[in-house]
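**Q** Chains as they are written, first to last, in the working numbering: chain F, 12 to 134; chain G, 12 to 134; chain B, 12 to 134; chain X, 12 to 134.
There are 4 protein chains.
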Amino acid sequence: MEFSKNKSIYMQIADYFYGNILLEKWKVDEKVPSVRQLAVDLEVNPNTVMRTYTHLQDKNIIYNQRGIGFFVSNEAQSIVKDLVKEQFTTDELPEIFKTMEMLGMDMQEISDYYNNWKSNLKN
Amino acid sequence: MEFSKNKSIYMQIADYFYGNILLEKWKVDEKVPSVRQLAVDLEVNPNTVMRTYTHLQDKNIIYNQRGIGFFVSNEAQSIVKDLVKEQFTTDELPEIFKTMEMLGMDMQEISDYYNNWKSNLKN
Amino acid sequence: MEFSKNKSIYMQIADYFYGNILLEKWKVDEKVPSVRQLAVDLEVNPNTVMRTYTHLQDKNIIYNQRGIGFFVSNEAQSIVKDLVKEQFTTDELPEIFKTMEMLGMDMQEISDYYNNWKSNLKN
Amino acid sequence: MEFSKNKSIYMQIADYFYGNILLEKWKVDEKVPSVRQLAVDLEVNPNTVMRTYTHLQDKNIIYNQRGIGFFVSNEAQSIVKDLVKEQFTTDELPEIFKTMEMLGMDMQEISDYYNNWKSNLKN
DNA sequence: GTGGTCTAGACCACC
DNA sequence: GTGGTCTAGACCACA
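1) Please identify the residue among F:Gly115, F:Ser84, F:Val60 whose C-alpha is closest to the C-alpha of F:Ala25.
2) By the three-class DSSP mapping on this structure, what secondary structure does G:Phe14 have?
3) When you compare the CB of F:Leu28 with every CB in chain G, is at least one pair closer than 8 Å?
4) Check each candidate in F:Phe82, F:Tyr21, F:Gly30, F:Phe14 and name the one with the smallest Cα separation from F:Lys96.
5) Could you tell me whether the segment 91 to 111 of chain F touches the segment 120 to 131 of chain G, using the rule of 3 or more Cβ pairs below 8 Å?
6) What does the Cβ neighbour count give for G:Ile121, buried or exposed, with the cut at 16 atoms within 10 Å?
7) Hey, would you say B:Val91 sits closer than 8 Å to B:Ile72, going by beta carbons?
8) Mind checking G:Met12: buried by the 16 CB within 10 Å criterion, or exposed?
9) State the CB to CB distance for the pair F:Asp40 and F:Phe82, rounded to an integer number of angstroms; the pair is presumed to be in contact (CB under 8 Å).
10) Using a Cβ-Cβ cutoff of less than 8 Å, which residues in the same chain neighbour F:Tyr21 once the five nearest sequence positions on both sides are dropped?
11) Any beta carbon from chain B within less than 8 Å of F:Ile20's own beta carbon?
12) Counting only C-beta atoms, is X:Asn56 closer than 8 Å to chain B at any point?
13) Fully enclosed by the segment 20 to 102 of chain F, which beta strand (DSSP E) runs are 3 residues long or longer?
14) Using only alpha-carbon positions, find the residue among X:Leu33, X:Gln23, X:Met118 that is nearest to X:Ser89.
15) What's the C-alpha gap between F:Tyr27 and G:Gln68?
16) Any heavy atom of the ligand ATP inside 7 Å of the beta-carbon of B:Glu112?
17) Just how far apart, CA to CA, sit X:Met118 and G:Leu94?
18) Identify whether B:Asp123 lies in helix, strand or coil by the three-state DSSP scheme.
19) Can you give the Cα-Cα distance for G:Val43 and G:Arg77, rounded to whole angstroms?
20) Using a Cβ-Cβ distance under 8 Å, would B:Thr63 count as near chain X?
21) Run through chain G and tell me which residues come within less than 8 Å of F:Met113, C-beta to C-beta.
22) I need the straight-line Cα distance from G:Val46 to B:Phe14, nearest angstrom please.
23) What is the DSSP secondary structure of X:Met116, reduced to helix, strand or coil?
24) Exposed or buried, what is X:Ser84 when buried is set at 16 or more other beta-carbons lying within 10 Å of its beta-carbon?
25) Excluding the 5 residues preceding and the 5 following X:Trp37 in the sequence, name in chain order all residues of the same chain whose CB lies nearer than 6 Å to its CB.
26) Run through chain X and tell me which residues come within less than 8 Å of B:Pro44, C-beta to C-beta.
27) Taking Cβ-Cβ distances shorter than 7 Å, what residues in chain G pair up with F:Ile107?
28) Whose C-alpha, out of G:Asp102, G:Lys70, G:Ile79, is nearest the C-alpha of G:Gln87?
29) Given a threshold of 16 other Cβ atoms within 10 Å of its Cβ, counted over all protein chains shown, does X:Leu49 qualify as buried or as exposed?
30) For F:Ser122, decide whether its Cβ has a neighbour in chain G, counting only Cβ atoms nearer than 8 Å.
31) With 8 Å set as the bound, which would you pick, yes or no: does the beta-carbon of B:Phe14 sit closer than that to a beta-carbon of chain X?
32) Using the beta-carbon of each residue, which ones in chain B are nearer than 7 Å to X:Asn17?
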């Protein structure tokens, strides 16, 4: 996994969790990777992973069983969905729309980029 | 002008310049507000404005005439357009698309949000 | 380190970096002093050092690892060499030559000064 | 006349005077251009020229006859020569030598640049 | 009037 | 611990 410079690493790790939960790759009560293991896999400081986990736990997206690990909570799906959608529609989309105006782009162009992006994913 | 807390103030001031240049409110060789004046208008510290100006000057978007002020450079339009478009297509759009996938949204929904946003602007 | 008053402090700190990089005292990917530490060592305000670092980062001479520090970039050597040589040959040397003409000095005299300067360095 | 960005304009105008005096294009008691005229010729603000003249007058290089103009003083030659030589040997040359060391250049290379520069002047 | 630099001190996010 | 941003206030050189 590569990290963008525009966003903090621990939030990008959270994004990775959001994806896995929303797309149901990780189900309710399933164990998520250990802090240490994930830190090794992602080549980041364990503190950084821990920060993500603390953050997700605060939001009741994962829960902890002492000595065993972290697990996906019951409400994870709905919490994440609300969270992501909220931020998407109130922060990110308006930002995009403003930039579109500045660049004089219309929805069709965005749509083209989208199709392009999707076809690139397959390869 | 209100500042979002997600982004540094000096970069939001830069964004303000980008808009004015792209939409040709400010033309080539036109004088831009003085550091002190803009600081007063935006209610920020002059150092913060100075930081924006230094940044824009480094990117050859504005130039300085000693003792007189800053002016929009010849290539400002094209430099800004490249800059903004580059970041938009390589950073922001993919981010949006990823989130769309996660949320299971399609282009039609985005388009609806867009039209909604545009009609809100008019009011 | 003493600072000349003809040049801004933050640029003199940059010169110090140029020297260390060109003479390979600092190698690629080596960590450079932290902003705070260097500020203490040089007895200047951290903001002043920060200004140098931002400048060098913009020029891709150093890069940042979040929360860890600044490091010498791959291309640092060649960038600095180009930078310094460019300025030396197009700005400083012509200036010197013009003054030599005005003073009626020839290359031999300059050479004498040079040898003199070098022998003073040793003591 | 073109002005370098590295030096203040009024000092570059002073340099122009130094050259004319040292190379005896302007002799003792000869009238120098009026402030207004020179400002027009050089396309600078009259204040800037005035600043040069004040500076030169302070150093007894030119003197003023009220209502008539400025004139080259008796001691102009020797004063300028001392002034320029002093700055040249204590400020500029050491600076050059330091840069030479950093770039690993020797006197021969400088000499080559010098010959090159002189032959370019003729064209 | 203009920009340019610097200090002092603070607060924050991040690793 | 690291950098990043911002404020307040000052002083200077320059046009």
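Virtual Cβ for every residue (Gly too), placed ideally from N, Cα, C.
**A** Based on what the coordinates show:
1) Closest in alpha carbon position to F:Ala25, among F:Gly115, F:Ser84, F:Val60, is F:Val60.
2) For G:Phe14, the three-state secondary structure derived from DSSP is coil.
3) Residue 28 of chain F is actually Phe in this sequence, not Leu. Cβ-Cβ to chain G under 8 Å: no for F:Phe28.
4) In this structure, F:Gly30 is the residue among F:Phe82, F:Tyr21, F:Gly30, F:Phe14 with its C-alpha nearest to the C-alpha of F:Lys96.
5) Touching, yes.
6) Buried is the call here.
7) Between B:Val91 and B:Ile72, the C-beta spacing is below 8 Å.
8) Per the 10 Å Cβ criterion, exposed.
9) Contact between F:Asp40 and F:Phe82 holds, since their C-beta atoms are separated by about 5 Å, short of 8 Å.
10) Hits under 8 Å: Thr59, Val60, Arg62, Thr63, His66.
11) By this cut-off, F:Ile20 is an interface position.
12) No, no contact with chain B.
13) Contiguous beta strand (DSSP E) elements confined to the segment 20 to 102 of chain F occur at 73 to 76, 80 to 83, taking only those with 3 or more residues.
14) The option with the nearest alpha carbon to X:Ser89 is X:Leu33.
15) Between the alpha carbons of F:Tyr27 and G:Gln68 lies a gap of roughly 38 Å.
16) Among the components of this structure there are no ligands whatsoever, and the ligand ATP is therefore not found.
17) If you draw a straight line from the Cα of X:Met118 to the Cα of G:Leu94, it comes to about 44 Å.
18) Helix, per DSSP.
19) A straight-line Cα-Cα distance of about 14 Å links G:Val43 and G:Arg77.
20) Output row for B:Thr63: interface = no.
21) In chain order: Tyr29, Gly30, Leu33, Leu34, Val95.
22) A straight-line Cα-Cα distance of about 28 Å links G:Val46 and B:Phe14.
23) Looking at X:Met116 - three-state DSSP - the assignment turns out to be coil, as it is neither helix nor strand.
24) Within a 10 Å sphere around the beta-carbon of X:Ser84 sit 16 or more other beta-carbons, which makes this residue buried.
25) Around X:Trp37: Asn31, Val83.
26) The premise fails here: B:Pro44 is roughly 20 Å from chain X at the closest Cβ pair, so nothing lies under 8 Å.
27) What F:Ile107 touches in chain G, judged by beta-carbon distance under 7 Å, is Glu103, Ile107, going in chain order.
28) According to the sequence shown, residue 87 of chain G is Ala rather than Gln. That would be G:Lys70, whose Cα lies nearest to the Cα of G:Ala87.
29) Per the 10 Å Cβ criterion, buried.
30) At least one chain G Cβ lies under 8 Å of F:Ser122.
31) B:Phe14 does not count as touching chain X.
32) Within 7 Å of the CB of X:Asn17, the CB atoms of chain B belong to Asp102, in sequence order along the chain.
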